[in-house]
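Using the numbering used here, you'd call the opening residue of the sequence shown number 14 and step up by one each time. Glycine included, C-beta positions come from ideal geometry on N, C-alpha and C. Every value quoted in this text rests on a predicted model; they were computed, and no experiment measured them. The structure under discussion appears below in the form of structure tokens.
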Amino acid sequence: MTMPFPEPTTPTASRAEVFTNYLDFFRSRVIEKIESLPDHELRTSRVPSNWTPLELVKHLTYVELRWIEWGFQGQPVETPWGDWKDDRWHVPPSETKEDLLQDLQAQGRRTTSVIESTNLSTQGQPGPRWRDQPPATLERVLFHLLQEYARHLGHLDIITEQATNQSGE
């Protein structure tokens, strides 16, 4: 079932809810696009940079992990760059579409929990994510996550159209 776009005119209780609604929408669209692709397309690249749709899913999961848990919350993360190998996104053959989509959804639930329990003006914890700069507020981190999702969903839209002739948001 397609999640409706969070229209600017749809009433919301808070700015935090706006962020949650947009992130949920973008995640749902990524999942729908991945599920619409034939299996042979999931590990195939159609672009010169050589990323695959499953690599993009894993990357988005790690983007949220890096910015929310490792960055904003300052939690120790064993492999914050676990989506990278040899200077590019990487998904080993042992990771399945189902596993990667479940990981994305689980990470989304953790992000939503942070959004729902934290004031948007709260500044993040110091740590390596910030590269010796002052930590950003949760609101700034969430704007960055929206940018990541919007950009990468646009990439996935093009890949899906090339692979299946399906277009649309």
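Check                                                                                        : Outcome
Simplified DSSP state of Gln136, which is helix, strand or coil                              : strand
Where Trp83 sits in the DSSP three-state scheme                                              : helix
Given 8 Å, three or more beta-carbon pairs between the stretch 100-107 and the stretch 14-31 : no
Trp102 beta carbon less than 9 Å from that of Lys71                                          : yes
CB contact check: Asn178 to chain C, cutoff 9 Å                                              : The structure shown contains no chain C; it holds only a single protein chain.
Check whether Val43 and Leu73 have beta carbons under 9 Å apart                              : yes
Simplified DSSP state of Trp97, which is helix, strand or coil                               : strand
Limits of the unbroken alpha helix (DSSP H) element including Asp52                          : Asp52 to Leu55
Of the listed residues Thr25, Thr177, His168 and Trp83, nearest to Pro61 (C-alpha basis)     : His168
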